[in-house]
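Those protein sequence lines, which keep their order, are chains A and B. Add 303 to the 1-based position in the first sequence for our numbering, that's all there is to it. Add 99 to the 1-based position in the second sequence for our numbering, that's all there is to it. Backbone N, C-alpha and C define an ideal beta-carbon position, used for all residues, glycine too.
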Amino acid sequence: DTAVSQTPKYLVTQMGNDKSIKCEQNLGHDTMYWYKQDSKKFLKIMFSYNNKELIINETVPNRFSPKSPDKAHLNLHINSLELGDSAVYFCASSKRPGLAGTDTQYFGPGTRLTVL
Amino acid sequence: AQSVTQPDIHITVSEGASLELRCNYSYGATPYLFWYVQSPGQGLQLLLKYFSGDTLVQGIKGFEAEFKRSQSSFNLRKPSVHWSDAAEYFCAVGAGGTYKYIFGTGTRLKVLA
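Here it is in structure tokens:
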């Protein structure tokens with residue numbers, strides 16, 4: 304069974320479109336995260352939800368909007384896609400939102416977004 | 100501010116050789132440190148972590164890491180590398196007072212047969 308799953312795995316779209324990426328975890332964790340990995344492999348946190356409440360909201364364009372319908376799901380919606388949004392987006396989860404990163408984060412396989 | 104530096108962007112070793120990947124961190128208090136591995140086309144998998152206690156930490160797949168406070172380092176080691184170890188390796192530190200990880204920029208390991 305996949306612990307953290309993401310759909311789709313690949314997403315190719317035109318500039319200006321709106322798209323969503325879905326994430327689900329079956330680990331019973333309370334906390335979920337979205338990361339962006341750029342072409343240089345640099346991994347940066349974007350958002351985190353704990354039990355459906357937003358706890359991390361990094362400086363990302365407001366075209367990006369996370370939504371957590373329940374604590375097992377965290378979706379990422381992106382409006383008006385731009386070329387610079389091309390990246391790999393990783394979802395992760397942890398048991399709790401441990402301060403100082405004390406709780407291990409489990410990552411999904413990633414979604415490669417290509418904006419043309 | 101917390102930061103993580105992985106000085107080596109690429110490392111190439113022969114199969115069976117020993118391996119050491121470097122990680123230096125900047126943090127004012129006791130850090131929480133992690134090593135993750137990312138195989139091609141895959142997500143990140145936790146290799147090992149250090150929270151406190153013994154400074155030599157054992158992980159999965161035969162990896163170990165040593166926390167050295169005096170050098171602000173948390174280097175990853177493996178005595179004998181296998182071809183399947185070829186991947187990208189990321190060091191991360193738990194950002195104190197927040198819920199965030201700060202990741203290094205990764206080291207790509209190539210293994211020669």
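Could you have a look at residue i and say whether DSSP puts it in helix, strand or coil?
i, result
"A/L384", "coil"
"B/G161", "helix"
"B/D107", "coil"
"A/W406", "The sequence given here places Asp at residue 406 of chain A; Trp does not occur at that position. Of the three classes helix, strand and coil, the one that applies to A/D406 here is coil, per DSSP."
"B/S151", "coil"
"A/S397", "strand"
"B/S183", "helix"
"B/Y131", "coil"
"A/F345", "coil"
"A/S379", "Residue identity check: residue 379 of chain A is Leu in the sequence provided, not Ser. If DSSP states are grouped into helix, strand and coil, A/L379 belongs with the strands."
Which residues bound the beta strand (DSSP E) around residue i?
i, result
"B/L208", "206-211"
"A/E361", "No beta strand (DSSP E) contains A/E361, which DSSP labels as neither H nor E."
"B/Q170", "Counting along the chain, B/Q170 falls outside any beta strand (DSSP E), and DSSP gives it neither H nor E."
"A/R415", "414-418"
"A/M318", "Segment: none, A/M318 is in no beta strand (DSSP E) and carries neither H nor E."
"A/K339", "334-340"
"A/T310", "307-310"
"B/N123", "123-125"
Would you mind stating whether residue i and residue j have Cβ atoms separated by less than 8 Å?
i, j, result
"A/L419", "A/K322", "no"
"B/S179", "B/S117", "yes"
"A/S389", "A/L357", "no"
"B/T104", "B/G193", "no"
"A/D333", "A/K370", "no"
"B/A185", "B/N174", "no"
Strictly below 7 Å CB to CB, what residues from chain B border residue i?
i, result
"A/Q408", "Y200"
"A/G413", "G142"
"A/K344", "E187, T204, G205"
If distances are taken between C-alpha atoms only, which option among the options comes closest to residue i?
i, options, result
"A/G331", "A/S389, A/H376, A/R415", "A/H376"
"B/T129", "B/T204, B/L146, B/Q101, B/V136", "B/Q101"
"A/K339", "A/S397, A/P364, A/A306", "A/P364"
"A/G413", "A/I348, A/A395, A/V315, A/N354", "A/A395"
"B/K158", "B/S171, B/G142, B/Y135, B/R168", "Contrary to the premise, residue 158 of chain B reads as Gly rather than Lys in this sequence. Ranking the options by Cα distance to B/G158, first place goes to B/Y135."
"A/E361", "A/Q317, A/N354, A/Y336", "A/Y336"
"B/K167", "B/G161, B/I110, B/D153, B/K160", "B/D153"
Between residue i and the ligand GTP, is there a pair consisting of the residue's CB and a ligand heavy atom that are separated by less than 7 Å?
i, result
"A/V391", "Among the components modelled here there is no ligand, and therefore nothing to report on the ligand GTP."
Run through chain B and tell me which residues come within less than 8 Å of residue i, C-beta to C-beta.
i, result
"A/I348", "K199, Y200"
Mind listing the chain B neighbours of residue i? Cutoff is C-beta to C-beta under 9 Å, in chain order.
i, result
"A/F393", "G142, L143"
By the criterion of Cβ-Cβ separation under 7 Å, what are the contact partners of residue i in chain A?
i, result
"B/K160", "The contacting residues do not exist; B/K160 stays about 16 Å from chain A at best."
"B/K148", "T407"
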